[in-house]
Every structure is written in C-alpha cells, then in structure tokens.
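Protein chains in written order, with the working numbering: chain A, 1074 to 1300; chain B, 841 to 1171. We put the beta carbon where it would ideally sit given N, CA and C, even for glycine. If you're wondering where the values come from, they're calculated on a predicted model, not measured in any experiment. Please read the structure below before turning to the comments.
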Amino acid sequence: MDNLLTISNLKIWYHKGSPVIRDLNLTLLKNEVVGLIGLNGAGKTTLINTLSGIHKDYSGGMNFADRTFKARRYTVFSEDSSFQYYTFNEYLSHVFTAYQKTSDQARIDELVNGFGFGDYRRVLIRDLSTGNKRKVFLITGFALRLPLLMLDEPVNGLDFQSTEYLYSLINGYRQFGTVMFSSHVLESICLTADRVLVLENGQISREFTHGQINAGQIRGALNDTDS
Amino acid sequence: MTRILNANLKKFMGAKYERVPKALLIWTIVLFSLRSSGFRLEIAPPVLWLTTVFITVSGFAQVLSSDDTADSLRGQLMLPENPFAFHAAFYVSVALYTLLTKAGLLLIGYLAVSTVRLSAVIGFFMCFTVSGAAIYPLVFRSEKKIAGYHYINRTRHNFIIYLLRYLLNNKNYLVNTVMLWAFGCVFAASIGKSAFLNFLPMGFALMCLNTPLGILLSSDRALYRQIRLLPRQTDCILLPYALFVTVMNTIACGFYLTAWRLIVGGFSPIMPVFAVLFAILSAVLTVTLEIKFPLLDWKVESDLWHHPRKYVVPGIMLLLALPVTFLTGGF
C-alpha cells in the first residue's frame, strides 16, 4: 500500500522545554485503519489536534494547516459543541460547501438510519444529547469520504447499536481512505484496526499489526507503559 | 466553607490567584492616571450607589447565568456539603470576583475624580453587598438551560441566520445591543445639544462598541476550533460574520443619526456615507481581531466582556473620526 502521510521528528509542546510529543515518526498508509492507544495524558488528543491544524505549537512534520492537506482530512473531536445554532442538515450543508463536495443523499440517509438519528436531523445541535451531538460529526465525517478521517475517542457517549454500527463503518472505510482513531476501549481497537500504535512518553513505543492485535497483547503493552 | 471558597476563587481568580495582583495593578493605574490628569467630576452619592447596584446585579447575573458556571457547579453540588455553607462561600467568591473585575473600578473612578465622602464609600459597599445578595438566589442555577427541541426545516446553511439565532437565544447579548442603540440616541442628544462643535462623527466610533458581537468566536471555543479545522472558512464564516457586524453597526449608527436629526437638527448628507464606511471598517477590524488574536484562555465567560481588547476597534475608529470631524467642519 502507498503512503498517505509521513511525519518525521514531530515535536509538540504546550510549554516550551517540556514537549508532550517528541521526535515522533509516523507513517499512515492509504486505505488502512490505525488505532492509537495510550494512558491518559499520553498525548493522543494533542497529536490528533495537531494533525487537524488546531494545535499550533509544534515543529517538524509538515504544515498541518496547509490548504491542500486541510481539504483531504476531517476530524471528529472527543468533545464538540460547535455550530450549536445549526441543525444537522445545515451543518452538513456547511461542511460539504467548505470541502466543495456534493452530498450523496442516499449515503447520508443510510448513515442517519444506521445511527438511529432520523428524528433529530431538523433539531438545533444545541438541543441534542451528548451522544446525538457526537453522531452529527460522525455522520458528517463518514459522509465526506475524505482520504483521511481522524476520530478522537469515537465510541464515547454512543449507545450499543450505534457503537456496533460505528465499527462496521470504520471497517468499511478502507475502500475510501484511512481512519486513524484514538480509543480506550480495547474492543473498538481489536475489531477494526489493521495497526495499533502505543503512545508512551511522547513517542510511539510499540506497534501491533494484524495477527498481533488482540486484547491480551494490548493490555500487556498498556500495563508495561503503566509500570 | 473556606475549602469551598478556595475552590471557587481559584476558578475565578486563577490557580495561583494571579488575577488579584493584575486587577490591583489596573486599579492603581486608573487611580493615578485620573488623579494626575486633573479631571474632576462631582458625583452625587445616589448616582454612585445606583450605578453600583446596576453593575453588581449585571455582574452577578452574567456569572451565575452562564452555562460555564453551571458546568463547574455540577461536581460541587453532588458532594454532601452543608447547603448554607456552600451558598455562603459561593456568594462570597462571586462577590469578590465582581468587586475585583467590575464594581471596584467604579469606586476607584469615584475616588479619583470626585470629592470623597465617607458616607458615599460606606453606601457603595452596602449597595454592593445587598444587591449581590438579592440577585444571587434569583439567578443562581446549577443546570444548563434546556429548552426542548427546536425543529427547523431549512437544509441549506447560512451563517448570518446562525448569528441571528445566536443573538436571539442569548438575551444578554440582545439587551446589550439594544442598550447600545439607546445609548446612541442619548449620546446624540447630549453631545449634539451641549457641545459647541460638531462632534457627530465621534458617535460613529462609539456605535462600534458592541461587545458581544466582537467576541463571538472567542466565546465559542468549539466554533473557533471548527473554523481552524475546516477549509474555506473565510467564505463560509468570516465574510458573513463581517457582513453581520456591518449591518448591526450600521443600524446602531442609524439610531444615532436619527436621534441627532430629530433632537439636534440637520447634518451634512455625507454623514450617512461616513456612518456606513465606519460600520464596514470596524466590522473588518473586529473579525480580523477575532480570527488572528482570539481570547481563548478565559476562565469565566464574563472575563471576555471586560477584556480591554474590546476598546481596540472603537479606539482606532475614534482616531479615524478625528480627521473626519476636522474635514466636515467640526473643529
């Protein structure tokens, strides 16, 4: 498989002199699913925020706010209360206009039904529950079908059926692009990822691929990290 | 009680109470600047007290009605605290925050420019304490406002409509905007009738001081993050935002000019053109400030309303108003 993104010697900090991520090397292949794990505070969200062009204090890698790169990726954040005075339909229209893409109505209907979101399409995002807010951004991300989709803790707040549906979507995304997601839920990693990256001490300390990806191995790696 | 007070004061004042020395420094600068300028204004005690009540009530309401405060209270109210001790401590923390960031400056202004009467100062503290205690139980809430589902049939996005909904759903934003328009009318009447020179263009600069419209992105950090995430947001958000602010500023200038025409008399036909130019320029400056220099490290939303950055755009517009006043025969 070809490379989608190659990052070398990425350093990210909040306070200069004490980087959260240091000398990180990361390659994402086209059409793969990459799981990102690590203990709380390991820097998973910081890494995703940086790749999304949100966090500005970094060196190395590339210009993540570059227009061409921006047009090829979308991120679903772990918490998002933006566009509170739009409905889902309006937000979708806003995002598709931003990416200059035409929406596939049949595909959107399929996603809306899959997530059990049909009754909420015309409701202001502000009025939605935590789980339904999360679905607004997940549906948008999967509807866009961009080369890179980043998800930060995507299963948080989702009901059981929606979580199962999300796993099927992540698995099906390989035909359109690459998914990189962070998670603390081992099941989500084991059921979907082609590769698992363990983030520890600001670097990727271990990597698991296909046959190595099982709950026991990953739990062991996280326990090693903890000790 | 001290434990609850400390926990909340750290939220309002910063983890190391860093806001206290900053505020005291501002008080000192304001006091000495006003004193050394020689500016004097006799302020009658009732005027000081009434203003104190107004500032205290609006300050308490702003802090206690924000969703951000409700969020921070949830975890505290879950604990088995003594209700009286909790509310007493929380009232004191909000009172100290309001005194330090808002009401205190009023007292400093009074001490600097007016003849000081001990009774007026004692009255200030009494008005502050009593009005704070009176408004506290009325506006305290521990849950976010849940208004039920609002269904909307539109399918196309329009950021101007988004901003209109934003304004209509935040009553204090709306009140602030209406008050600015009312101020425009009063300012036109007082300046137009009392000034011996034509200060009309100065009012255009003041009509650009719409605080809530100038902090829309700063106050919504999630929206600001999406603007950075999504491509082509200049077209989708920033231009409609600038257009919206232009229209609101033009309306404010419209009220000002209408009041001037009705109360003071006629003005040059070029003035409405200047009003629109001021509205456009101030809108562009406002949006540029918001996207390039957003205020994202606020602790409570009320901080944003009183950040000195809000005076940058009217300040620039005031400087521009000087040559306009000169050119149109004001000096």
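| Inter-residue CB distance, Leu1158 (chain B) and Ala1045 (chain B) (contact presumed, cutoff 8 Å) | As a first step, residue 1158 (chain B) must be located in the second sequence, where it is residue number 318. As a first step, residue 1045 (chain B) must be located in the second sequence, where it is residue number 205. With 8 Å as the limit, Leu1158 (chain B) and Ala1045 (chain B) qualify as a contact, their Cβ atoms being about 4 Å apart.
| query | Is DSSP giving Trp1086 (chain A) helix, strand or coil here? | reply | Locating residue 1086 (chain A) in the first sequence gives position 13, where the first residue counts as 1. Looking at Trp1086 (chain A) - three-state DSSP - the assignment turns out to be strand.
| task | Measure the Cβ-Cβ separation of Thr1074 (chain B) and Ile1110 (chain B) and say whether it is below 8 Å. | result | Walking along the second sequence from the start, residue 1074 (chain B) turns up at place 234. Walking along the second sequence from the start, residue 1110 (chain B) turns up at place 270. Pairing Thr1074 (chain B) with Ile1110 (chain B) gives a Cβ-Cβ distance that is not under 8 Å.
| When you compare only the Cα positions, how much space is there between Leu1121 (chain B) and His927 (chain B)? | Within the second sequence, the letter at position 281 stands for residue 1121 (chain B). Within the second sequence, the letter at position 87 stands for residue 927 (chain B). Spanning the two alpha carbons is a distance of roughly 46 Å.
| message | Just to make sure I have the definition right: I need the residues of chain B whose C-beta is within less than 7 Å of the C-beta of Val1050 (chain A). Which are they? | response | Residue 1050 (chain A) is absent from the structure shown; chain A starts at 1074 and stops at 1300.
| field | Minimum C-alpha distance to Glu1105 (chain A) - residue among A:Leu1270, A:Gly1293, A:Thr1119, A:Asn1287 | value | For the purposes of this step, residue 1105 (chain A) is taken as the residue at position 32 of the first sequence. Considering only alpha carbons, the answer is A:Leu1270.
| Is any beta-carbon of chain A found at less than 8 Å from that of Leu1136 (chain B)? | Position 296 of the second sequence, counted from the first residue, corresponds to residue 1136 (chain B). Not one chain A Cβ lies under 8 Å of Leu1136 (chain B).
| field | For Glu1141 (chain B), three-class secondary structure by DSSP | value | The residue you call residue 1141 (chain B) lines up with position 301 of the second sequence. DSSP places Glu1141 (chain B) in helix when its eight states are reduced to three.
| query | How many angstroms separate the CA atom of Trp889 (chain B) from the CA atom of Thr995 (chain B)? | reply | Position 49 of the second sequence holds residue 889 (chain B). Position 155 of the second sequence holds residue 995 (chain B). Trp889 (chain B) and Thr995 (chain B) have their C-alpha atoms some 51 Å from each other.
| query | Is any beta-carbon of chain A found at less than 8 Å from that of Thr909 (chain B)? | reply | Taking the second sequence and counting its residues from 1, one reaches residue 909 (chain B) at position 69. At a cut-off of 8 Å, the C-beta of Thr909 (chain B) has no neighbouring C-beta in chain A.
| message | For Cys1048 (chain B) and Val1153 (chain B), which I take to be in contact (beta-carbon distance under 8 Å), what is that distance rounded to the nearest angstrom? | response | Numbered from 1 along the second sequence, position 208 holds the residue referred to as residue 1048 (chain B). Numbered from 1 along the second sequence, position 313 holds the residue referred to as residue 1153 (chain B). Rounded, the Cβ-Cβ distance is 6 Å, consistent with contact.
| message | Which residue marks the beginning of the beta strand (DSSP E) containing Phe1281 (chain A), and which one marks its end? | response | Position 208 of the first sequence, counted from the start, is the residue given in the question as residue 1281 (chain A). Run containing Phe1281 (chain A): 1276-1282, per the beta strand (DSSP E) assignment.
| query | Is the CB-CB distance between Cys1263 (chain A) and Ala1288 (chain A) below 8 Å? | reply | On the first sequence, residue 1263 (chain A) is found 190 positions in, with the first residue counted as 1. On the first sequence, residue 1288 (chain A) is found 215 positions in, with the first residue counted as 1. Closer than 8 Å, so yes.
| query | Taking all protein chains shown into account, do 16 or more other C-beta atoms lie within 10 angstroms of the C-beta of His1167 (chain A), making it buried, or fewer, making it exposed? | reply | In the first sequence, residue 1167 (chain A) corresponds to position 94, counting from 1. By the neighbour-count criterion, in which a residue is buried when 16 or more other Cβ atoms sit within 10 angstroms of its Cβ, His1167 (chain A) is buried.
| request: Return the CA-CA distance between Arg1199 (chain A) and Lys1089 (chain A), expressed in angstroms with no decimal places. | output: Along the first sequence, one-based indexing puts residue 1199 (chain A) at 126. Along the first sequence, one-based indexing puts residue 1089 (chain A) at 16. Their backbone Cα atoms lie some 36 Å apart in a straight line.
| task | Scan the region 1060-1087 of chain B for residues whose Cβ lies nearer than 9 Å to a Cβ of chain A and list them as they occur along the chain. | result | Within the region 1060-1087 of chain B, the residues whose Cβ lies closer than 9 Å to some Cβ of chain A are Asp1060, Arg1061, Ala1062, Leu1063, Tyr1064, Arg1065, Gln1066, Ile1067, Arg1068, Leu1069, Leu1070, Pro1071, Arg1072, Gln1073, Asp1075, Cys1076, Ile1077, listed in chain order.
| query | Closest Cβ-Cβ distance between Gly915 (chain B) and chain A: below 8 Å? | reply | Locating residue 915 (chain B) in the second sequence gives position 75, where the first residue counts as 1. So, not an interface residue.
| Which residues in the same chain as Tyr937 (chain B) place their Cβ atom closer than 6 Å to its Cβ, once the five residues preceding and following it in sequence are excluded? | Taking the first residue of the second sequence as position 1, residue 937 (chain B) is located at position 97. The answer, listed in chain order, is Phe852.
| query | For Glu1130 (chain B), does the three-state DSSP call read helix, strand or coil? | reply | What you label residue 1130 (chain B) is simply residue 290 of the second sequence in a count that begins at 1. Helix, per DSSP.
| task | On a CA-only basis, which of A:Val1209, A:Asn1296, A:Ala1115, A:Leu1102 is nearest Trp1086 (chain A)? Give me that one, please. | result | Residue numbering aside, residue 1086 (chain A) sits at position 13 when the first sequence is read from its first letter. Nearest of A:Val1209, A:Asn1296, A:Ala1115, A:Leu1102 to Trp1086 (chain A), Cα basis: A:Ala1115.
| task | Give the interface partners of His990 (chain B) over in chain A, defined as CB-CB distance under 7 Å, in chain order. | result | The sequence position of residue 990 (chain B) within the second sequence is 150, counting from 1. At a C-beta separation below 7 Å, His990 (chain B) has these neighbours in chain A: Val1196, Leu1197, Asp1200.
| Exposed unless 16 or more other CB atoms sit within 10 angstroms - verdict on Glu1130 (chain B) | Numbered from 1 along the second sequence, position 290 holds the residue referred to as residue 1130 (chain B). Around the beta carbon of Glu1130 (chain B), 16 or more other beta carbons lie within 10 angstroms, which makes this residue buried.
| Cβ of Tyr1087 (chain A) less than 8 Å from any chain B Cβ? | As a working mapping, residue 1087 (chain A) is identified with position 14 in the first sequence. So no, Tyr1087 (chain A) is outside the interface.
| query | In chain B, which residues lie less than 7 Å from Phe1254 (chain A) when you measure between Cβ atoms? | reply | For the purposes of this step, residue 1254 (chain A) is taken as residue 181 along the first sequence, with counting starting at 1. The premise fails here: Phe1254 (chain A) is roughly 16 Å from chain B at the closest Cβ pair, so nothing lies under 7 Å.
| To which residues of the same chain is Lys1174 (chain A) closer than 8 Å at the C-beta, ignoring the five residues directly before and after it? | Locating residue 1174 (chain A) in the first sequence gives position 101, where the first residue counts as 1. Here Lys1174 (chain A) has Leu1217 as same chain residues with Cβ atoms under 8 Å from its own Cβ, once five neighbours each way along the sequence are excluded.
| Met918 (chain B), buried or exposed, once every other Cβ within 10 Å from all chains shown has been counted against 16 | Within the second sequence, numbered from 1, the residue matching residue 918 (chain B) stands at position 78. Counting C-beta atoms within 10 angstroms of its own C-beta, Met918 (chain B) has fewer than 16 neighbours from the protein chains shown and is therefore classed as exposed.
| task | Mind reading off the beta-carbon distance from Ser1256 (chain A) to Ile1110 (chain A)? Whole number of angstroms is fine, and I expect it under 8 Å. | result | One-based indexing of the first sequence puts residue 1256 (chain A) at position 183. One-based indexing of the first sequence puts residue 1110 (chain A) at position 37. Ile1110 (chain A) and Ser1256 (chain A) do touch by the CB rule: their CB atoms are close to 7 Å apart, below 8 Å.
| Residue environment, Ile869 (chain B), which counts as buried when at least 16 other CB atoms sit within 10 Å | One-based indexing of the second sequence puts residue 869 (chain B) at position 29. With fewer than 16 Cβ atoms within 10 Å of its Cβ, Ile869 (chain B) is classed as exposed.
| task | Please work out which residues of its chain come closer than 6 Å, Cβ to Cβ, to Ile1080 (chain A), disregarding the five sequence neighbours upstream and downstream, and give them in chain order. | result | Within the first sequence, numbered from 1, the residue matching residue 1080 (chain A) stands at position 7. The residues are Leu1099, Gly1134.
| Among the residues of its own chain, which have a CB less than 8 Å from the CB of Val1104 (chain B), if the five just before and after it don't count? | Counted from its first residue, the second sequence places residue 1104 (chain B) at position 264. Taken in chain order, the residues that qualify are Ala1028, Ala1029, Gly1032, Lys1033.
| Inter-stretch contact (C-beta, 8 Å, three-pair minimum) for the region 1203-1216 of chain A and the region 995-1014 of chain B | Touching, no.
| message | Tell me the DSSP secondary structure of Ser876 (chain B) in three-state form. | response | In the second sequence, residue 876 (chain B) corresponds to position 36, counting from 1. Helix, per DSSP.
| query | Got a sec, what are the start and stop residues for the beta strand (DSSP E) Gly1108 (chain A) sits in? | reply | Start at 1 with the first residue of the first sequence, and residue 1108 (chain A) comes out as number 35. In the DSSP assignment, Gly1108 (chain A) falls within the unbroken beta strand (DSSP E) covering 1106-1110.
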